[in-house]
């Protein structure tokens, strides 16, 4: 009898190719980065329209999660599968039971919150211009020089101010669970990564940013090992969501995460079908 069990893939370049193909699939999903067409913060008490979505939207009383929508049956708005004819509440993603919002066959919505307790409606469209124009995510070939073994030192109460693209220079203090330190080519680095779910999110730029790679910078998601080490595989550096849709407000690299050397590894830019840039640098 022939053993047809496939041997596990261990070649780093092959593993990266699989990672890359999954990334390209992920960004064209119904709530993938290319599907986002609008993010509108609802802060005024008066109900307001939202571009790309039906109905009128208003905030809920302070402390309640989500937004109130007013719509008629003819508007075609459904929340959690129930058509809206009058008023209804769409719970935010910070709720134990976030709402699923649909506006038709291709358009859906989600409600997000910020640190101030304000809520926004995000509108997603599986027929967005971004999805229609998307060709590929340009990336560097596998580069073993940028698989870095670093040390992770937990630090309690540490925060770092992160600017975001649309915040006009204001910073948001984000909790940084510890310090990531390493030396490479005679240079010592101490990086700041904030918590993102079960991982740490490193927002960085380098000498390729705005030239060969997206100008705002790139993301790398990492997790400390039990022995106090942490592996920074920059081959898995990804473009931020704002590289795919202007409706995102991405964090920018703090000073200590701005490399003066080129990191020629990871994703570079989002390309259209004709090979030109989807978004300008």
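Numbering (UniProt numbering), first residue to last: 1 to 281. For glycine and all other residues, C-beta sits at the position ideal for the given N, C-alpha and C.
In whole angstroms, give me the CA-to-CA distance for residue i and residue j.
{"i": "residue 13", "j": "residue 23", "result": "15 Å"}
{"i": "residue 165", "j": "residue 173", "result": "15 Å"}
{"i": "residue 154", "j": "residue 177", "result": "6 Å"}
{"i": "residue 234", "j": "residue 61", "result": "44 Å"}
{"i": "residue 128", "j": "residue 157", "result": "42 Å"}
{"i": "residue 207", "j": "residue 170", "result": "24 Å"}
{"i": "residue 201", "j": "residue 150", "result": "15 Å"}
{"i": "residue 47", "j": "residue 92", "result": "17 Å"}
{"i": "residue 192", "j": "residue 137", "result": "26 Å"}
{"i": "residue 104", "j": "residue 77", "result": "7 Å"}
DSSP three-state call for residue i: helix, strand or coil?
{"i": "residue 16", "result": "helix"}
{"i": "residue 278", "result": "coil"}
{"i": "residue 66", "result": "coil"}
{"i": "residue 131", "result": "helix"}
{"i": "residue 182", "result": "strand"}
{"i": "residue 257", "result": "helix"}
{"i": "residue 198", "result": "coil"}
Pick from the options: whose alpha carbon is nearest that of residue i?
{"i": "residue 180", "options": "250, 220 and 54", "result": "220"}
{"i": "residue 87", "options": "28, 79 and 198", "result": "79"}
{"i": "residue 237", "options": "83, 158, 264 and 42", "result": "264"}
{"i": "residue 115", "options": "65, 216 and 21", "result": "65"}
{"i": "residue 251", "options": "241, 270, 245 and 259", "result": "241"}
{"i": "residue 259", "options": "223, 146 and 135", "result": "146"}
{"i": "residue 199", "options": "70, 152 and 188", "result": "152"}
{"i": "residue 280", "options": "27, 254 and 243", "result": "243"}
{"i": "residue 81", "options": "108, 63, 59 and 55", "result": "108"}
{"i": "residue 53", "options": "45, 125, 162 and 32", "result": "125"}
{"i": "residue 209", "options": "253, 222, 190 and 246", "result": "253"}
{"i": "residue 140", "options": "168, 268, 11 and 276", "result": "268"}
{"i": "residue 214", "options": "239, 195 and 196", "result": "239"}
{"i": "residue 272", "options": "26, 43, 135 and 144", "result": "135"}
Would residue i count as contacting chain D if we go by Cβ distances under 8 Å?
{"i": "residue 20", "result": "Looking for chain D here will not work: only one protein chain is present."}
Does the distance between the C-beta of residue i and the nearest non-hydrogen atom of the ligand HEM fall short of 7 Å?
{"i": "residue 145", "result": "The model depicted lacks the ligand HEM and carries no ligand whatsoever."}
Inter-stretch contact at 8 Å, needing at least 3 Cβ pairs: the region 222 to 231 / the region 89 to 101: No, because fewer than three Cβ pairs between the region 222 to 231 and the region 89 to 101 fall closer than 8 Å, the two stretches do not touch.
Is the region 120 to 137 in contact with the region 34 to 44, if contact means three or more CB pairs nearer than 8 Å? yes
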